[in-house]
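> Take this structure first; my questions come after.
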């Protein structure tokens with residue numbers, strides 16, 4: 155067995171796992187705070203990155219575009235809470251899930267209607283040329299000298315971004331008032347209401363934050379797969395990740411991402427032949443998640459349900 | 141051969157397969173044809189014979205209309221027994237009175253409720269056998285007098301009872317009927333009550349194609365005549381609802397062609413129509429109201445013979461879009477005749493029903509007159525009278541406006557008391573006769589109020605005017621020996637609730653709602669309106685809104701929801717005295733140890 | 007307002023659970039059936055092929071999804087996968103079984119059973135996994151099935167293009183066409199077969215819904231613990247729901263390929279279709295069989311109507327992309343608005359309307 | 663009379679927290695046994711152990727002569743246990759009639775195919791079981807709400823429907839979890855009558871959790887008192903009332 159190759163694969167898996175985690179974090183945030191299974195995560199990615207790309211294509215510079223796109227996502231998040239989530243507050247979770255499916259459909263149509271349905275390339279290297287370091291090599295695959303394995307440097311960059319995002323979020327939840335109320339809300343809606351935490355405000359913040367995360371994740375994904383409606387499928391990729399991780403846990407989302415990322419790569423290499431066909435990564439992640447869930451139905455870090463009757 | 145069992149027999153022979161009795165049980169409508177009806181009676185004859193019911197045995201029947209009870213009546217009478225009908229909600233004292241003055245020996249009780257009431261007064265009366273129809277909850281009772289209907293039936297055989305039926309005479313006593321107002325029991329033979337019913341059937345051409353829903357106990361003598369006897373005479377189907385809570389739905393399901401009810405039921409229908417439309421959407425409400433006034437205008441022209449073609453078209457449209465569906469909702473679509481007893485409808489309500497094609501026919505009668513002396517003909521246009529005396533009956537008014545009558549369908553006082561003078565009976569009511577010979581009833585003689593000025597009037601006339609508001613359930617006028625009239629108002633919870641919801645008025649219960657200023661103003665406006673139509677002396681100057689409804693068990697209203705002034709003034713003596721003493725706040729010590737404060741409102 | 011319920015009473019329990027208790031409804035149904043069988047086949051080939059038959063196919067799949075998601079509460083995104091199993095099974099059964107044994111209706115029945123069995127396999131995790139976690143199983147089904155048929159060319163009879171046209175002899179029906187002198191490959195004949203299958207299966211679903219099985223489904227949906235305490239076997243009920251639901255989807259897949267497009271094409275069974283059918287279900291109303299059909303008609307017809315408006319009123323102002331995007335936006339808003347205003351979808355709107363008509367002029 | 667139900671040394675823990683500690687008691691055939699105790703005393707958990715919703719770590723439940731460590735709820739239902747829940751567990755998407763019909767599911771032997779085709783046994787079963795359901799509807803006097811969706815009913819009526827759903831299964835033993843919680847006086851009186859009548863007329867053994875001491879003393883034959891997961895009293899109502907531990911732990915606190 156070629157150990158170097160194996161490590162290369164493992165690292166590659168970890169990297170794509172990071173990408174899954176990025177999408178998954180947004181999911182978990184919303185699920186944790188309101189129990190909503192947000193199917194619109196993928197279209198939020200698309201909408202955010204499409205908005206950004208169209209602005210840069212029209213000559214607006216990187217940072218301005220980034221801020222405007224982030225602003226739009228915040229507004230969008232707040233509007234979603236106000237016009238979709240709030241009126242549905244007393245409905246059951248299935249209805250809310252359906253509503254996010256509706257939201258996703260709307261967003262898919264809306265972003266392509268407002269912008270366009272074309273496939274846009276996105277070269278962040280172009281924008282990140284801010285003089286700190288030579289940007290070009292960052293975005294090229296290179297051999298890391300001391301191990302002699304091939305690692306796309308972009309993946310490292312993405313991991314760093316993901317890492318810092320998690321740190322920021324952790325800070326947000328541990329230190330800020332809004333973050334603390336959000337944790338209270340996720341523990342117990344009724345109790346949180348009873349102590350005077352404004353649920354609606356918290357939800358609005360969560361949706362806004364998720365919008366910004368979607369922008370970041372969208373840009374990183376777009377770098378890999380281009381900006382087009384294929385981005386929506388990111389959500390499909392993230393599903394097994396959060397389910398393995400256990401819907402309510404941010405660390406779960408990250409670990410889940412890594413497990414799926416690595417597992418998928420390994421499966422492709424060692425199992426594809428067994429199945430006599432290519433492209434098993436289409437379904438392999440789901441099977442992994444499925445098998446995992448059969449043994450642990452609440453996911454890795456999910457809360458075990460004691461059914462009270 | 142006009143006896144009750146005789147009618148069962150003749151119906152069995154002429155229309156054996158027509159539906160005689162239909163009842164809803166366990167969610168579906170079951171029916172008995174006249175033949176099956178006859179067979180049920182035949183078994184019961186054997187069953188009651190085994191309980192030694194024989195000629196002259198007085199059998200008290202205590203319960204709601206259920207098939208077992210209906211069959212029992214005919215069976216007891218086939219054996220020559222006499223049926224004493226008792227209202228299922230009768231209190232212990234009323235039950236004792238009736239059982240003792242009728243000298244009943246056998247009691248047919250509906251269920252545990254009636255058996256329990258009886259057991260409390262068991263020692264005071266001479267009942268030696270009790271048959272209960274519904275054994276639920278009674279299995280642990282050890283009283284040896286109790287017999288289960290089902291056991292009796294299972295031990296009995298179906299035999300031919302034709303000869304037995306033919307052996308009873310139409311002059312035999314059939315029923316003992318209790319008159320609540322007079323507190324007297326009347327004996328009624330088969331012949332007069334059946335003849336009385338035949339008159340109604342002939343006048344209105346009732347046949348076995350008709351159907352009627354009976355949801356009141358047969359102890360109400362008018363109800364007995366108009367539903368039970370009439371269905372036997374005409375052969376029409378007699379329908380029994382599933383329970384008291386499902387009457388409205390059951391009425392709709394059956395869609396009867398004949399409706400009989402005391403006036404309070406129609407008042408209730410009006411009030412539910414009103415409260416339901418109150419909770420409709422604004423546009424629907426407005427359109428309904430507009431259609432309503434339009435329809436009433438057209439009806440007025442119709443009555444005066446000025447209906448134009450456009451009116452006809454308009455009416456057709458209004459009926460199609462609003463009132464035909466409305467009738468459908470209340471199960472009134474197929475009604476051909478709607479008989480009203482125990483009071484009359486107000487002009488507005490009377491006209492409304494006629495305008496939508498529900499032929500209201502007022503009637504007047506009591507236990508002693510076998511339920512009916514007079515009834516309005518079809519298409520009557522006057523809401524005031526109760527019709528002209530039927531053939532065989534006569535009416536006269538004495539100098540004190542008291543109504544006297546003569547009729548060939550007459551009952552007799554059980555105690556042998558005689559209140560007739562040369563065959564003329566005092567009805568206990570005051571009234572008059574209009575130019576076309578129709579009887580107009582103003583109220584009960586004993587209720588007449590004499591004001592300080594010496595003015596005498598019947599409070600019911602004023603009360604009816606006030607009560608015609610859908611928001612008011614009942615009214616009691618207080619005015620004896622006073623300068624002016626005052627009114628005790630009982631609001632209708634249903635319609636006032638939905639009115640309050642519409643106006644965004646918050647409340648937690650009946651008492652709070654009744655105490656609301658908005659409700660007071662609503663009532664005040666209505667009374668002001670009524671006052672305008674009253675002569676100066678009769679105008680209502682003060683009113684009190686009661687914090688509860690009138691209670692039948694406490695004798696405050698009769699079984700047909702008429703105000704029983706004597707008992708109310710006893711129970712609410714605080715209110716009466718406060719009004720008479722011109723106090724503005726009343727501390728009420730009510731029955732059931734309730735006490736609360738009421739405010740007297742001046743107009 | 008049209009309903010006259012007065013005088014409509016039931017005299018036994020059979021009457022009380024009739025699907026159409028009112029005379030008025032019965033008349034409408036009979037008229038509807040007459041139109042469907044006598045008039046619709048005489049309309050143009052275009053109407054049948056572009057509107058009616060595809061709606062029948064996707065509508066049937068929606069009914070199937072409804073049994074699983076609407077009635078039993080098991081969320082599924084694998085509908086297209088199960089349809090795919092149905093379509094491929096039908097093709098392979100017709101292709102590989104002796105002609106004397108196979109005819110399209112028989113093949114549809116067996117493909118339904120195949121799809122149902124596949125459904126049971128992917129439904130097994132539902133015994134342990136609940137709620138949103140179950141999505142993973144149905145998505146696995148969707149992707150796996152698609153990959154499976156894509157990877158093994160045998161199922162497409164080694165057709166390299168990935169699409170195989172259905173040979174005319176498969177519409178033979180044991181020579182019934184020749185016997186009757188009807189072109190069985192023609193759209194009217196296809197339509198009548200599709201309609202009959204759909205009506206029969208809709209009736210079957212409706213019967214299930216108002217019987218013990220349907221109540222078991224709903225009890226598992228509403229409170230699974232209470233259901234098991236009542237003695238209902240929750241795993242068995244879930245698996246049955248998977249089987250029945252996937253049976254419907256399988257048959258729908260067969261109809262889609264054989265009676266609508268006339269070829270077997272993997273591309274039409276991608277996950278998008280699962281979503282489309284989910285939309286049909288939501289818009290139509292979860293748990294209502296008639297709602298599924300209403301939802302299918304709406305979602306299928308909307309882009310067509312929208313394009314037609316673009317073409318006729320705005321003289322072709324909308325290109326395909328615009329139509330698609332606007333359709334998506336409209337569905338999205340529609341779904342959200344519907345969930346807010348009337349979570350029961352078209353079916354509930356219809357029920358409310360009907361109730362209003364009954365209670366008119368009073369509020370229901 | 664023999665014991666229909668014996669609970670022996672049952673201990674139940676949730677993630678280390680003891681909900682029930684070493685509880686034993688017997689229920690005689692045909693009696694009404696009330697389980698009382700303050701909130702959190704483990705009463706509902708006890709019912710859940712009896713009919714298999716929870717699996718106790720230690721101890722056995724002997725029902726109808728069969729000793730079991732655990733039973734699954736479905737087998738318990740088949741063996742003739744029916745129950746209601748503290749927080750009403752009706753099927754909210756169904757009507758009253760449908761809810762009570764589910765209580766008859768063990769009597770439905772026809773296959774789903776027969777039901778789907780609406781033929782043979784499926785048709786007669788619907789009719790026969792509907793009759794049984796209608797009898798319960800009549801018994802509970804809920805004729806007027808037969809076709810109302812349960813989600814539209816007030817709390818008291820929902821409790822009544824839930825009792826109906828349990829009763830229609832013709833159980834040998836009925837487990838009622840706070841059947842009168844949150845009811846007004848009149849509703850409580852009705853419910854007490856129903857429970858008594860079920861017990862006396864149909865002879866169904868009843869185990870009932872109830873807070874209202876008046877009701878418990880009135881209708882039960884046997885009272886078991888729990889406090890903090892432990893049994894502190896067991897006997898007739900009058901015995902329990904005079905038990906000092908019970909007075910201290912329960913009556914003393916709540917009055």
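Chains as they are written, first to last, in the working numbering: chain A, 155 to 463; chain B, 141 to 743; chain C, 7 to 370; chain D, 663 to 917. Think of the CB as a built atom: it goes at the ideal place given N, C-alpha and C, for glycine as much as any other residue. None of the values given here were measured: they were computed from a predicted structure.
Start and end of the beta strand (DSSP E) containing residue 309(C)?
Translated into positions along the third chain, residue 309(C) becomes position 303. First-last for residue 309(C): 295-318, but that is the alpha helix (DSSP H), not the beta strand (DSSP E).
> Buried or exposed: which applies to residue 165(A), given that a residue is buried once 16 or more other Cβ atoms fall within 10 Å of its Cβ?
Within the first chain, residue 165(A) is the residue found at index 11, counting from 1. So residue 165(A) counts as buried.
> If I follow the unbroken beta strand (DSSP E) through residue 726(D), where does it start and stop?
Here residue 726(D) corresponds to residue number 64 of the fourth chain, with the count starting at 1. Unbroken run through residue 726(D): none, as it is neither H nor E.
> Counting only Cβ pairs nearer than 8 angstroms, list the residues of chain D close to residue 232(C).
For this step, residue 232(C) is matched to residue 226 along the third chain. Going along chain D in sequence order, the residues near residue 232(C) (Cβ under 8 angstroms) are 747, 751, 752 and 753.
> Starting from the C-beta of residue 327(B), find all residues in its chain whose C-beta is less than 7 angstroms away, skip the five residues before and the five after it, and write them out in chain order.
Counting from 1 along the second chain, the entry for residue 327(B) is found at position 187. Excluding sequence neighbours, residue 327(B) sits near 313, 316, 551, 552 and 554.
> Using the rule of at least 16 other Cβ atoms within 10 Å of the residue's Cβ for burial, across every protein chain shown, is residue 221(B) buried or exposed?
Taking the second chain and counting its residues from 1, the one referred to as residue 221(B) is at position 81. Buried.
> Does the distance from the C-beta atom of residue 142(B) to that of residue 334(B) stay below 9 angstroms?
For the purposes of this step, residue 142(B) is identified with residue 2 of the second chain, where counting begins at 1. For the purposes of this step, residue 334(B) is identified with residue 194 of the second chain, where counting begins at 1. Yes, they are a contact pair.
> Taking the C-alpha atoms as reference points, what is the distance between residue 442(A) and residue 836(D)?
One-based indexing of the first chain puts residue 442(A) at position 288. One-based indexing of the fourth chain puts residue 836(D) at position 174. Whole-angstrom Cα-Cα distance: 44 angstroms.
> If you drop the 5 nearest sequence neighbours on each side, which residues of the same chain put their C-beta closer than 6 angstroms to that of residue 176(C)?
Residue numbering aside, residue 176(C) sits at position 170 when the third chain is read from its first letter. So the qualifying residues of the chain are 100.
> If residue 291(C) sits next to residue 351(C), beta carbons under 8 angstroms apart, how far is it from one beta carbon to the other, in whole angstroms?
Numbered from 1 along the third chain, position 285 holds the residue referred to as residue 291(C). Numbered from 1 along the third chain, position 345 holds the residue referred to as residue 351(C). Between residue 351(C) and residue 291(C) the Cβ distance is about 3 angstroms, and since that is below 8 angstroms, they are a contact.
> Name, going along the chain, the residues of the stretch 377-396 of chain B whose beta-carbon falls closer than 8 angstroms to a beta-carbon of chain D.
So the close ones are 382, 383, 385, 386 and 389.
> Please list, in chain order, all residues of the same chain as residue 287(A) whose beta carbon is under 7 angstroms from its beta carbon, the five residues on each side excluded.
Your numbering for residue 287(A) matches position 133 in the first chain. Bear in mind that the predicted position of residue 287(A) carries a pLDDT of just 43, short of 50, making it too unreliable to give a figure here.
> What's the C-alpha gap between residue 381(B) and residue 237(A)?
Counting from 1 along the second chain, the entry for residue 381(B) is found at position 241. Counting from 1 along the first chain, the entry for residue 237(A) is found at position 83. Cα to Cα, the separation comes out at about 49 angstroms.
> Secondary structure at residue 130(B), three-state DSSP: helix, strand or coil?
Outside the displayed range of chain B (141 to 743) lies residue 130(B), so it cannot be described from this structure.
> Just to confirm the assignment, what range does the beta strand (DSSP E) spanning residue 581(B) have?
By 1-based counting over the second chain, the position of residue 581(B) is 441. Segment 579-584, the beta strand (DSSP E) holding residue 581(B).
> In angstroms with no decimal places, state the Cα-to-Cα distance between residue 191(C) and residue 219(A).
Within the third chain, the letter at position 185 stands for residue 191(C). Within the first chain, the letter at position 65 stands for residue 219(A). One C-alpha to the other measures close to 57 angstroms.
> Quick check on residue 421(B) - is its C-beta less than 9 angstroms from some C-beta in chain C?
To locate residue 421(B), count along the second chain from 1; it is residue 281. For residue 421(B), the answer is yes, since a Cβ of chain C falls inside 9 angstroms of its Cβ.
> Taking C-beta to C-beta, are residue 374(B) and residue 505(B) nearer than 9 angstroms?
Your numbering for residue 374(B) matches position 234 in the second chain. Your numbering for residue 505(B) matches position 365 in the second chain. In this structure, residue 505(B) does not lie closer than 9 angstroms to residue 374(B) by Cβ.
> Does any residue of chain D have a CB that is nearer than 9 angstroms to the CB of residue 14(C)?
Reading the third chain from its first residue, position 8 is the one you call residue 14(C). So no, residue 14(C) is outside the interface.
> By DSSP's criteria, residue 716(B) is part of a beta bridge. Which residues make up the other side?
Residue 716(B) sits at position 576 when you count from the first residue of the second chain. Its beta-bridge partners do not exist; DSSP assigns none.
> Can you tell which of 68(C), 179(C), 37(C) and 51(C) has the C-alpha that lies nearest to the C-alpha of residue 105(C)?
By 1-based counting over the third chain, the position of residue 105(C) is 99. Per the Cα distances, 179(C).
> So, helix, strand or coil for residue 312(A), using DSSP?
Looking up residue 312(A) in the first chain gives position 158. Note: residue 312(A) maps to helix in three-state DSSP.
> Whose C-beta lies closer than 6 angstroms to the C-beta of residue 598(B) among residues of the same chain, with five residues either side of it excluded?
As a first step, residue 598(B) is located in the second chain; it is residue number 458 there, counting from the start. Only 570, 582, 583 and 588 meet the Cβ criterion.
> For the candidate residues 263(B), 165(B) and 645(B), whose alpha-carbon lies nearest to that of residue 208(B)?
Walking along the second chain from the start, residue 208(B) turns up at place 68. It is 165(B) whose Cα lies nearest to the Cα of residue 208(B).
> Would a check of beta-carbon distances place residue 730(D) closer than 9 angstroms to chain C?
For the purposes of this step, residue 730(D) is identified with residue 68 of the fourth chain, where counting begins at 1. For residue 730(D), the answer is no, since every Cβ of chain C falls outside 9 angstroms of its Cβ.
> Helix, strand or coil for residue 417(A) per DSSP?
In the first chain, counting from the first residue as 1, residue 417(A) sits at position 263. Three-state result, residue 417(A): helix.
> Report the residue from 443(B), 512(B) and 348(B) whose alpha carbon sits nearest the alpha carbon of residue 522(B).
Against the second chain, residue 522(B) aligns to sequence position 382. Residue 522(B) has its Cα closest to that of 443(B), out of 443(B), 512(B) and 348(B).
> Of the choices 635(B), 485(B) and 295(B), whose alpha-carbon is the least far from that of residue 416(B)?
The count along the second chain starts at 1 and reaches residue 416(B) at position 276. When each option's Cα is compared against that of residue 416(B), the closest is 635(B).
> Can you tell me whether residue 307(B) is buried or exposed, with buried defined as 16 or more other CB within 10 angstroms of its CB?
To locate residue 307(B), count along the second chain from 1; it is residue 167. Burial call: exposed.
> Go through its chain and collect everything with a Cβ distance to residue 193(C)'s Cβ below 6 angstroms, but skip five positions before and after it.
Your numbering for residue 193(C) matches position 187 in the third chain. So the list reads 51, 54 and 55, once near-sequence residues are dropped.
> Please state if the CB of residue 616(B) and the CB of residue 680(B) are separated by a distance shorter than 9 angstroms.
Counting from one through the second chain, the residue named residue 680(B) turns up at place 540. Counting from one through the second chain, the residue named residue 616(B) turns up at place 476. No, these two residues do not count as a Cβ contact at 9 angstroms.
> Between residue 262(A) and chain C, is any beta-carbon pair separated by less than 9 angstroms?
Numbered from 1 along the first chain, position 108 holds the residue referred to as residue 262(A). Yes, its Cβ sits closer than 9 angstroms to a Cβ of chain C.
> Only counting the same chain, and skipping five residues up and downstream in sequence, which positions put a Cβ closer than 7 angstroms to that of residue 168(A)?
For the purposes of this step, residue 168(A) is identified with residue 14 of the first chain, where counting begins at 1. Closer than 7 angstroms at Cβ, skipping near neighbours: 412, 415 and 416.
> With DSSP as the reference, please indicate the residues paired to residue 337(A) in a beta bridge.
Residue 337(A) sits at position 183 when you count from the first residue of the first chain. Answer is none; residue 337(A) lacks a bridge partner.
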